[in-house]
Amino acid sequence: MSQIKEGVEDNHKQLNMIYQEIVSIQTHMHHLEKKTSDSIKINAPRIDPSQLQIPEPSEETKKRPNNPKILKRIYLRNSTEVACKLHDKSIDKILYTQKNQGYLAILGKLGESSNILKFYGISNIDNREVLVFEWAEMGTLKEVYESRDIPWITKIPIALDICRGIAFLNSINIFHHDVRCENVMPKLANFKFARMFDDATLNLTDILKVIHWLAPEKMLEHKHDNNNKNYKRPYTQKCEIFSFGMLLWELCFEKVHMLIKFESILEESGAVHPQAVYTSRFISLKELVSINSQAVCTNGIINDDNKIIESQENNKIIESQEDNIPIEHMNKLMLEI
Numbered sequence: 001m002s003q004i005k006e007g008v009e010d011n012h013k014q015l016n017m018i019y020q021e022i023v024s025i026q027t028h029m030h031h032l033e034k035k036t037s038d039s040i041k042i043n044a045p046r047i048d049p050s051q052l053q054i055p056e057p058s059e060e061t062k063k064r065p066n067n068p069k070i071l072k073r074i075y076l077r078n079s080t081e082v083a084c085k086l087h088d089k090s091i092d093k094i095l096y097t098q099k100n101q102g103y104l105a106i107l108g109k110l111g112e113s114s115n116i117l118k119f120y121g122i123s124n125i126d127n128r129e130v131l132v133f134e135w136a137e138m139g140t141l142k143e144v145y146e147s148r149d150i151p152w153i154t155k156i157p158i159a160l161d162i163c164r165g166i167a168f169l170n171s172i173n174i175f176h177h178d179v180r181c182e183n184v185m186p187k188l189a190n191f192k193f194a195r196m197f198d199d200a201t202l203n204l205t206d207i208l209k210v211i212h213w214l215a216p217e218k219m220l221e222h223k224h225d226n227n228n229k230n231y232k233r234p235y236t237q238k239c240e241i242f243s244f245g246m247l248l249w250e251l252c253f254e255k256v257h258m259l260i261k262f263e264s265i266l267e268e269s270g271a272v273h274p275q276a277v278y279t280s281r282f283i284s285l286k287e288l289v290s291i292n293s294q295a296v297c298t299n300g301i302i303n304d305d306n307k308i309i310e311s312q313e314n315n316k317i318i319e320s321q322e323d324n325i326p327i328e329h330m331n332k333l334m335l336e337i
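Numbering follows the UniProt record's numbering, in which position 234 of the sequence shown is assigned residue number 234; successive positions increment by one, without gaps.
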C-alpha cells in the first residue's frame, strides 16, 4: 500500500509541475498579445532532420492503412518511433507566429501527461515542415474498431483514459474541440482545433467530417440563412462533454452515430445541454451507457422516436454483454477530475 501511495503522490507532483509550466507559457502568450513585453520569445522544440531516420517496416505497420500525411521515423536522440505529420504548405508561415509557437510549446508540455499523445517538436522532411509526435503502432481507435472487435473489458478503461485526458486539458483552460475515435490513439491526439477557453473557435471548413460529434448549438452556426452571420455561440465545456458522449456511443457500438437528423437540428434553436456532472465513484457498464445518453441529450433536438431507438440499442448492449463481464471490470470507469 505504501508503494501505491508513493506512486500516486509522484504522479500528482509530475502533473502539478506540468500545470505550472503550462501556466507560465500561457502568461507569456498573454503578455505577447497585450504587447507588454517584446523581449519574451516562445519557441516550440526544433528537431534536426538528420535525427529522423527511416525505419525498417514492421509487419504490424504494413497492415495499417496507408496515410500519406503520416511518415514513420526513428528519432535517434532517444531511439523512439515517431510519427511525422505533414500539413498544407500554406500554413508553414503561420506555424511560426508567436501565438502558434506558444500553442506548440504547450502541446509539448501536454505530452508529459500519460493520457495525451506526446509532441516532440517541428522538423523538415523533403522540404516539408512536419510536426513530430509519439508513434501509435495500432493507429487510431477508429482504425482499431474497424479492423477488430474491442472487448468490453478493454472499452471501459479506454473510456476512462479519454476522460482523464479531457479533464486534464480542461484543468489548464484548454478545449480539444475535436473529440472523436479518429483522434484517439487511444491517447488524445490531433490538436488542430484545440484552443484556450477564451480564444475564438477555429472555423471548421468541412463541417460534415465532425458534425456527428458537434454540439447542436455549434451546428447552428453553419445554418445557411440570412441570420447565420449573427448566430455565434462560444465553444464551452458542455460542447466538449457532448462530443465525449458521442465518442462513447461510437466506442460502444463501434460505428458513427447516425440517429440524429441533422436537418432538423439546423432548424432548431436554443439548444440546451443538461448540467455536466462529474463523479469520482465507481460505475457499472449500464451506467457507462447512461453517461453517453446524458451527455448527448438536448432539449428539443433528438425526437422521441430516436430516443426509443437509442434506448433499444443500449439495452441490447447491456443484455448481451453484462453477464460476460466480471464485476471487477464493470466497475473500472471512474470520472476523475
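Note that CB positions come from ideal geometry on N, CA and C, so glycine has one too.
- A direct Cα-to-Cα measurement between Leu52 and Leu76 gives close to 6 Å.
- Annotation for Ser171: the continuous alpha helix (DSSP H) segment containing it runs Trp152 to Ser171.
- Rounded to whole angstroms, the Cβ separation of Thr154 and Met185 is 14 Å, and the two are not in contact under 8 Å.
- Of the other Cβ atoms in all chains shown, fewer than 16 fall within 10 Å of the Cβ of Ser171; this residue is therefore exposed.
- A residue is called buried once 16 or more other Cβ atoms fall within 10 Å of its Cβ, and Arg148, having fewer, is exposed.
- Around the beta carbon of Arg46, fewer than 16 other beta carbons lie within 10 angstroms, which makes this residue exposed.
- When the alpha-carbon of Cys163 is set against those of His176, Trp152 and Glu134, the nearest one is in His176.
- Around the Cβ of Ile166, a 10 Å sphere holds 16 or more other Cβ atoms; the residue is buried.
- The distance from the Cβ of Val132 to that of Val82 is about 5 Å, consistent with a contact at the 8 Å cut-off.
- Close CB contacts of Ser79 within its chain, under the 8 Å cut and outside five residues either way in sequence, are absent.
- Of the candidates Cys181, Glu254 and Phe253, the residue whose Cα lies closest to the Cα of Ser243 is Cys181.
- As the crow flies, the alpha-carbon of Asn115 is around 19 Å from that of Glu250.
- Per DSSP, reduced to three states, the secondary structure at Gly121 is strand.
- In the three-state scheme derived from DSSP, where H, G and I count as helix and E and B as strand, Lys142 is classed as helix.
- The alpha-carbon of Pro234 is positioned some 43 Å away from that of Ile54.
- Lys85 sits in a strand when the DSSP states are folded into three classes.
- Out of Lys85, Arg128 and Glu129, the CA that lies nearest to the CA of Lys118 is found in Lys85.
- Judged by their CB atoms, Ile122 and Ala44 are nearer to each other than the 8 Å cut-off.
- Contact annotation, Trp135 with Lys69: C-beta distance approximately 14 Å; criterion of less than 8 Å not satisfied.
- The C-alpha of Leu104 is placed about 15 Å away from the C-alpha of Asn173.
- Taking a 10 Å sphere around the C-beta of Asn183, we find 16 or more other C-beta atoms and assign the residue as buried.
- Taking the Cα of Glu56 as reference, the smallest distance to any Cα among Asp48, Val179, Ile74 and Pro49 is reached at Ile74.
- Lys72 is bridged by DSSP to Ala83.
- The three-state secondary structure of Ile47, taken from DSSP, is coil.
- Look at Glu137 here: in three-state DSSP terms it is coil, with no helix or strand label.
- Residue environment analysis places Asp48 among the exposed positions, since fewer than 16 neighbouring C-beta atoms fall within 10 angstroms of its C-beta.
- Taking 8 Å as the cut-off, the Cβ atoms of Leu247 and Val179 count as close.
- Sorting Phe253, Glu137, Ser50 and His87 by C-alpha distance to the C-alpha of Glu129 places His87 at the top.
- Under the DSSP definition of a beta bridge, Leu52 partners with Tyr75.
- Pairing Met138 with Asn67, the inter-Cα distance amounts to about 13 Å.
- A distance below 6 Å between beta-carbons, with the five flanking residues on each side excluded, links Glu254 to the following residues of its chain, in chain order: Tyr145.
- By the criterion of a C-beta distance shorter than 7 Å, Lys142 is surrounded in its chain by Cys181 and Glu182, once the five residues flanking it on both sides are discounted.
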